[in-house]
Amino acid sequence: MKQTFIVKESRELPTEIRPLLFNLYSFDKAPNLFNLPPDCSLYTGWRGNELVAAIHVDYRDFITAHQIRMTDATYKDPTSLRGLIDHVLYQLLPQIRQKTTISLNFQKNHPFQRIDSFTAIGFMPHLETTVYEVSLPPYQKDTYAQWKLCLEYPETYESWLASRNQYAELLPEALPLTDRAINDFHQKQGAFHSLRRNGIIVGTMYSRIEFSRCYIHELCLMCDPPMLQEGLSFIQQSSYLKLKHIQDIMISTTSRQSNIRDTLLKRNATETTSTTYTFLKELLPQPYLR
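Position one of the sequence shown corresponds to residue 128 (my numbering), numbered consecutively onward.
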């Protein structure tokens, strides 16, 4: 007998049931199940008493920027995950007043399903993000005198954001960042930099230091190959000189940044197993649902 598929937000679950979610997530990937921000939800899919799928949905930029982010997807049954996502989207439709972009992220290390599972419900593949490990060579070149890595402060975030958002579709987030998002990263001790050559901005960067590693979560460099090679070398040297306790750098780059990826590989960067797939979907107002 076919069991009914039921969707529940995690806050609706009895406290003693919520820990079942840890059976779907690896220990280091589980969202904070008991302390979600008010504008975020963790939706769960059930077949009878069996938990078969879950996904985290971030609505914090829904009202101001018409963006919704779906992350931390996990499942036992791929069909149930698609059904869960479709159910969440259907619930959203009456609230859509302007065109809204939905991003959906999947980790490669999760058993990945066919892309047409998501294109069938309106998502389009947009990019892949891969993390590369880069060493810190202890040397210095005179040509680096033309380069400067400028740390941004709250009073300069607006101009940094404007530069960064020109190339948003190329970057791991795939969407323009908002003031809310940048303030959130700041509170998590993230650092924002502009990369300048001869005083002209040629790139932007967002990074964090975690456990003796510098994680560059986002790097945008808009320059020709020789300058790109030099810019990456300068970032390596700057990290070595300024961050003595750092062992190496982890740089995230996307399939839409092949110039950076190719330059990293030429510099003997090591591709890690950390890859994320990003899909996008646009929701339009539906007058008949109002």
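Built from N, CA and C at the ideal position, the CB exists for glycine as well.
What span of residues does the alpha helix (DSSP H) with Phe189 cover, start to end?
189-192
Nearest-angstrom Cα distance between Ala396 and Tyr294?
24 Å
Got a sec, what are the start and stop residues for the alpha helix (DSSP H) Pro213 sits in?
What sits at residue 213 in the sequence shown is Asp, not Pro. Unbroken alpha helix (DSSP H) run through Asp213: 205-219.
Counting beta carbon pairs with one atom in the stretch 161-177 and one in the stretch 384-400, are three or more of them shorter than 8 Å?
no
Is Ser230 closer than 9 Å to Leu163 when the C-beta atoms are compared?
no
Are there 16 or more other CB atoms within 10 angstroms of the CB of Ser286, so buried, or fewer, so exposed?
exposed
Would you call Gln218 buried or exposed, if buried means 16 or more other Cβ atoms sit within 10 Å of its Cβ?
exposed
Let me know if Met251 comes out buried or exposed under the rule of 16 or more other beta-carbons within 10 Å of its beta-carbon.
exposed
Residue environment, Gly358, which counts as buried when at least 16 other CB atoms sit within 10 Å
buried
Can you find a C-beta in chain D that's less than 9 Å from the C-beta of Gly249?
Absent from the structure is chain D; it holds one protein chain and no more.
Beta-bridge partners of Gly172, as assigned by DSSP:
Val134, Ala180
Minimum C-alpha distance to Asn325 - residue among Ile248, Gly249, Phe233, Ala272
Ala272
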